[in-house]
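Q: Mapped onto UniProt numbering, the consecutive letters of the sequence shown carry residue numbers 1 to 204. Note that beta-carbon positions come from the ideal geometry of N, C-alpha and C, so glycine has one too.
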Amino acid sequence: MSDAPQLYLILPTALPVSELEPRLTPVLDAHAPACLRIPGGGDEQDLGRIADLVREIAHARDIAVVIDDHIELARRHGLDGVHLTDGARSVRYARKELGADAIVGAFCGGSRHDGMNAGEAGADYVSFGPVGDSALGHGQRPELDLFQWWSETIEVPVVAEGALDADRMADLAPLCDFIAIGAEIWAADDPVAALDTLWEAGQA
């Protein structure tokens, strides 16, 4: 694991396609993430339009794009992979369907056991969260020592996500390969400034 984590950016939910590009591009230009994630809720046709737009924006900047759970949509719209929200259960299937080069990530809540199973099944990364007060997953908040143990023991990259604040950023940044940020900035009037503040906390 590198000393400094990389940014993993989760797109805003329930934003019309027409508003997505002007909201997203300033953030990408200020802080280029390693990966963009499209939330999987909503109408599949809308998701397809979002996938096409985000793929063009991201790939022009050499940024990977994954989508929550929609394996077939990821393949159909030329995305780089999927983020699975059911822990290790679908990892082998997603790998079989999307191939060896696709990104397959797994959200494992606060479960070390699920994380290890996902890694053994071939996940490219494991995500734990929410690290703050959030309804993400089952709301089971992973303790800092899970990230500490994982970073020292497991080679599969680890992502922290869910209700991050400056204090949690400072604690988690040294222990994670990626920090996933989304809702924390999109509700702000100036998402770039909100991301600046959060990201600087992780560099302290």
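(1) Nearest to Asp-167 by CA position, among Ala-94, Ala-204 and Arg-61, is which residue?
(2) Touch check for the stretch 45-54 and the stretch 84-91: three-plus C-beta pairs under 8 Å?
(3) Where do the N-terminal and C-terminal ends of the beta strand (DSSP E) with Ala-106 fall, by residue?
(4) Can you give the beta carbon distance from Leu-36 to Val-54, rounded, assuming they're within the 8 Å contact cut?
(5) For Leu-28 and Gln-140, what's the separation of their Cα atoms in angstroms?
(6) Is the separation between the beta-carbon of Ala-68 and that of Ile-103 shorter than 7 Å?
(7) Could you give the distance in angstroms between the alpha-carbon of Ala-183 and the alpha-carbon of Val-126?
(8) Taking a contact to mean a Cβ-Cβ separation below 7 Å, would you say Asp-133 touches Ala-170 in this structure?
(9) May I have the straight-line CA-CA distance separating Ile-10 from Ile-38, to the nearest angstrom?
(10) According to DSSP, is Ser-127 helix, strand or coil?
A: Let's see:
(1) Indexing the sequence shown from 1 puts residue 167 at position 167. Closest by alpha carbon: Ala-204.
(2) no
(3) On the sequence shown, residue 106 is found 106 positions in, with the first residue counted as 1. Note, Ala-106: beta strand (DSSP E), 103-107.
(4) Along the sequence shown, read from residue 1 onward, the residue named residue 36 stands at position 36. Along the sequence shown, read from residue 1 onward, the residue named residue 54 stands at position 54. Sure, about 6 Å apart at Cβ, within 8 Å.
(5) Sequence index remark: in the sequence shown, residue 28 carries index 28 (1-based). Sequence index remark: in the sequence shown, residue 140 carries index 140 (1-based). Distance between the alpha carbons of Leu-28 and Gln-140: 30 Å.
(6) Within the sequence shown, residue 68 is the residue found at index 68, counting from 1. Within the sequence shown, residue 103 is the residue found at index 103, counting from 1. Note that residue 68 corresponds to Asp in the displayed sequence, not to Ala. No; because the gap between Cβ atoms is not below 7 Å, this pair is not in contact.
(7) For this step, residue 183 is matched to residue 183 along the sequence shown. For this step, residue 126 is matched to residue 126 along the sequence shown. Whole-angstrom Cα-Cα distance: 20 Å.
(8) Position 133 of the sequence shown, counting from 1, holds the residue named residue 133. Position 170 of the sequence shown, counting from 1, holds the residue named residue 170. Taking 7 Å as the Cβ cut-off, Asp-133 and Ala-170 do not qualify as a contacting pair.
(9) Taking the first residue of the sequence shown as 1, we reach residue 10 at position 10. Taking the first residue of the sequence shown as 1, we reach residue 38 at position 38. One C-alpha to the other measures close to 6 Å.
(10) Taking the first residue of the sequence shown as position 1, residue 127 is located at position 127. Three-state result, Ser-127: strand.
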